[in-house]
Ligand SMILES: NC(=O)c1ccc[n+]([C@@H]2O[C@H](COP(=O)([O-])OP(=O)(O)OC[C@H]3O[C@@H](n4cnc5c(N)ncnc54)[C@H](OP(=O)(O)O)[C@@H]3O)[C@@H](O)[C@H]2O)c1
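In my numbering, the protein residues as written are 8 to 254.
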């Protein structure tokens, strides 16, 4: 197993891509902290699934959009555990709309959850990683953070911001053996994309060279790779997992 003895925190681990990351990290031997904000039942189910396979998992409620809650929850965990060695900043929301009518409150909540949340959670774990001189942080960006997308200015700004954050953190933390990378998923079948209309889905499908929608476990495999020693000489990179959509 690739991640025996590691402790991983996955934000937004209760559903979709985050859930797949929790299951895949646990499959490789990591103990997983499954963060959620509202869906306690789903988070408990992820933990039960991991335990049923012989793994170790704990649900952990906090809102990544709330800096104080995030810091306190992580500090409490670090009183019990020596270090969190893998952080997957996956929690994210969309709130789409054309710029002309876009409310500043929506801009704030998209940026606070997707971007500031990743900064705050990273800040809360890096001290323990620095002490251990080991760590892997993975930010869940998006292919639209590279390409842009009409109707998603706030979301794309947040996801592009994560790429800048990835590179700056990678440069700042490399000397402590902490690697920081991002995954940029394309169109993945989850609750987030269920809300798209059939017309929108058909339009997106046409832009995917591999000709199909991606699965959460296909993102999770890239996350496991970046979390593990198999990627020990990779830092500051953005790996698109998008069926070729962003080419
Ligand atoms: N699906 C795609 O096609 C796609 C493409 C590119 C990038 N992404 C990115 O991948 C990540 C996961 O997306 P997904 O499609 O799996 O989303 P999803 O199915 O909507 O799941 C979102 C997850 O994030 C959690 N969450 C939302 N707001 C939170 C907050 N304030 N604090 C803590 N947790 C919070 C949710 O927890 P609860 O269950 O408690 O609500 C849930 O576990 C996101 O960052 C998204 O932007 C997705």
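Backbone N, C-alpha and C define an ideal beta-carbon position, used for all residues, glycine too. Owing to the predicted nature of the structure, the values given are computational and were not obtained by experimental measurement.
Residue i versus residue j: straight-line alpha-carbon distance, rounded
i: residue 105; j: residue 157; result: 7 Å
i: residue 120; j: residue 80; result: 16 Å
i: residue 268; j: residue 242; result: Nothing about residue 268 can be reported from this structure: the residues present for the chain run from 8 to 254 only.
i: residue 72; j: residue 83; result: 18 Å
i: residue 101; j: residue 70; result: 15 Å
i: residue 231; j: residue 199; result: 22 Å
i: residue 197; j: residue 181; result: 33 Å
i: residue 249; j: residue 125; result: 22 Å
i: residue 58; j: residue 30; result: 10 Å
i: residue 219; j: residue 208; result: 10 Å
i: residue 213; j: residue 103; result: 21 Å
i: residue 92; j: residue 167; result: 25 Å
i: residue 210; j: residue 236; result: 38 Å
Residue i classed as buried or exposed, judged by whether at least 16 other C-beta atoms fall within 10 angstroms
i: residue 45; result: exposed
i: residue 254; result: exposed
i: residue 42; result: buried
i: residue 216; result: exposed
i: residue 89; result: exposed
i: residue 319; result: Here the chain covers residues 8 to 254 and nothing more, so residue 319 does not appear.
i: residue 112; result: exposed
i: residue 107; result: exposed
Reference residue i; option with closest CA among the options
i: residue 164; options: 233, 123, 141, 34; result: 123
i: residue 192; options: 205, 235, 145; result: 145
i: residue 76; options: 127, 250, 243, 224; result: 127
i: residue 19; options: 245, 37, 49, 109; result: 49
i: residue 24; options: 60, 97, 246; result: 97
i: residue 87; options: 59, 40, 99, 31; result: 40
i: residue 195; options: 168, 251, 47; result: 251
i: residue 179; options: 114, 130, 245, 159; result: 130
i: residue 159; options: 183, 142, 234, 203; result: 203
i: residue 142; options: 107, 238, 162; result: 238
Helix, strand or coil at residue i according to DSSP, with G and I counted as helix
i: residue 51; result: helix
i: residue 45; result: coil
i: residue 22; result: coil
i: residue 98; result: coil
i: residue 71; result: coil
i: residue 37; result: coil
i: residue 173; result: helix
i: residue 182; result: helix
i: residue 202; result: coil
i: residue 223; result: helix
i: residue 188; result: strand
i: residue 118; result: helix
i: residue 143; result: strand
i: residue 242; result: coil
i: residue 90; result: coil
i: residue 65; result: strand
i: residue 16; result: strand
Distance cut-off 7 Å: residue i Cβ against heavy atoms of ligand 2
i: residue 23; result: In the structure shown, ligand 2 is absent; the only ligands present are ligand 1.
Specify whether the stretch 165–174 and the stretch 186–197 touch according to this definition: at least 3 beta carbon pairs, one from each stretch, less than 8 Å apart.
Output reads yes: the stretch 186–197 touches the stretch 165–174.
Inter-stretch contact at 8 Å, needing at least 3 Cβ pairs: the stretch 110–120 / the stretch 148–157:
Result no; under three Cβ-Cβ pairs closer than 8 Å.
Quick check: the stretch 48–55 against the stretch 64–79, are there 3 or more CB pairs under 8 Å?
Yes, the stretch 48–55 touches the stretch 64–79.
Report yes or no: do the stretch 134–143 and the stretch 216–227 share at least 3 C-beta pairs separated by less than 8 Å?
The stretch 134–143, when compared against the stretch 216–227, does not touch it at the 8 Å Cβ threshold.
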